[in-house]
Amino acid sequence: MNKNSVLTITIALICTALLHSSRVLASDPADIHTLKVNITNAMTSFYMYQGLDADLKYANRIDQAMAAAYAAASRILSGSDNDIDQNGSAELINQWDTFNGLMASNRKDIVTRGYPDIRLVNEMGDACSALIDAADNLKKTEKVSDVTRLARALAFRMSDITSQYTGRGTSNLGQVFVGYQQKSPKEQAEEFTLLLDQLDGAIPKEDALRVNAIRHKWEFLSRSISNYNENSVPFLVVNYNDSIVEALHQLAASYD
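Taking mature numbering (1 follows the signal peptide of the UniProt record, and there is no 0), I'd label the letters of the sequence shown as residues -26 to -1, 1 to 230.
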C-alpha cells in the first residue's frame, strides 16, 4: 500500500471516531443536502478511481468528498439540547460507519491487489443509499424557498445520475457495480428534466437566464446519459456534472 492510501484510511478511521463523540441532532436542510451530494460524489470518484487503476486525481476527489460529507454530518450532530433526536442520530452514525468503512476497505483492495471485491463494492452502494435515507429521515429545522428546494433536488439528482453513469461506464461489470440503483440513467434523466421544468416555473423572471444556462448544459449532457449503452463518456459526464451542480448550488444559495 502506498503512503497516500495509508493516510487516506487513517483519516477515515479518525473521522469515524470523532463522529461517535457527537450526541445531538440539528438537521439543517443545507447540511443534509451537503452530506447527500458528497457521499454520492464519493461514489462517483470511487468508480473513476477503480476504472483508472487508482488514479491519484480521483483518490483526491474521494478524500475531498468524504471530508465534506463528514463535516456536514458533524454539523448535523452538534446542535443544541433542544434538537436531540437519539434515534436519528444513532442511525446516521451507524450508516456513516458502514459506508466509511467500506470505502476505506475497497480503496485498500484496489491499491494492494489492483481490483476491489465486487460484493463489497455492491455493499458500499447499498450503504450509500442507506446513508442517504438516514439523512432524508432527519427532521428538518427550517423551511426553504421553492427555488432553493428545487435547485438542491436537481443538484442531488445530477450527482446521483453521474454516480450510476460512471459505475456503468468504468467497469465491464456494469450493473453489478450499481445494483443499489433502482432506475436507469435514462429514467433518472427524464426525472431531472421534469424537476428542471418545475424550477423554470418557480424562478423569478429576472433570474430565468441562470436556469436557461443550466438547461443548455443539461440538454447536451442528457443525450450522452440517455445513450449510455452506445457510447460511454464518463469523463465528459463528470466534468458537466461539476459545472451543473455548482451552478445549481449558487442558485440555491441566492434564494436560501
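Virtual Cβ for every residue (Gly too), placed ideally from N, Cα, C.
Just so it is clear, the structure is predicted and the values come from calculations on it, not from any experiment.
Under 8 angstroms between C-beta atoms of residue i and residue j
i, j, result
"N215", "T136", "yes"
"I199", "A163", "yes"
"V212", "T140", "yes"
"L105", "I13", "yes"
"D107", "I50", "no"
"I45", "T72", "Checking the sequence shown, residue 45 turns out to be Ala, not Ile. No, the pair does not count as a contact, with Cβ atoms beyond the cut-off."
"A47", "L66", "yes"
"H7", "F209", "no"
"R142", "Y89", "no"
Cα-Cα separation between residue i and residue j, rounded to whole angstroms
i, j, result
"S103", "S79", "18 angstroms"
"N186", "A64", "42 angstroms"
"M77", "M98", "7 angstroms"
"A182", "I84", "45 angstroms"
"K31", "D91", "22 angstroms"
"S52", "R35", "26 angstroms"
"L173", "K179", "11 angstroms"
"F194", "D37", "29 angstroms"
"V118", "R184", "19 angstroms"
"W192", "L225", "16 angstroms"
"T86", "K160", "35 angstroms"
"T(-11)", "R197", "With a pLDDT of 48 at T(-11), under the threshold of 50, the modelled position of that residue is not reliable, and the figure given next carries that caveat. C-alpha separation (whole angstroms): 40 angstroms."
Nearest-angstrom beta carbon gap, residue j and residue i [assumed within contact, 8 angstroms]
i, j, result
"A109", "K10", "5 angstroms"
"Y229", "T122", "5 angstroms"
"F166", "L112", "Incorrect: roughly 24 angstroms between the Cβ atoms, too far for contact."
"A4", "A43", "About 13 angstroms; that fails the 8 angstroms criterion."
"A41", "D120", "Actually they are not in contact, since the Cβ atoms of A41 and D120 sit about 31 angstroms apart, beyond 8 angstroms."
Identity of the residue in the options nearest residue i by Cα
i, options, result
"T144", "T18, H7, D5", "T18"
"S217", "R197, H190, V207", "H190"
Contact with chain B by residue i, beta-carbon distance below 8 angstroms
i, result
"I13", "Of the chains in the structure shown, none is chain B; there is only one protein chain."
Any non-hydrogen atom of the ligand PLP closer than 7 angstroms to residue i Cβ
i, result
"G141", "As presented, the structure is devoid of all ligands, the ligand PLP included, so that no description of it is given."
What are the complete alpha helix (DSSP H) segments, minimum 4 residues, inside the segment 32 to 109?
-> Taken in chain order, the complete alpha helix (DSSP H) segments of 4 or more residues contained in the segment 32 to 109 are 60 to 87.
Whole alpha helix (DSSP H) runs in the segment 128 to 189 with 4 or more residues, listed along the chain?
-> Correct list: 159 to 176.
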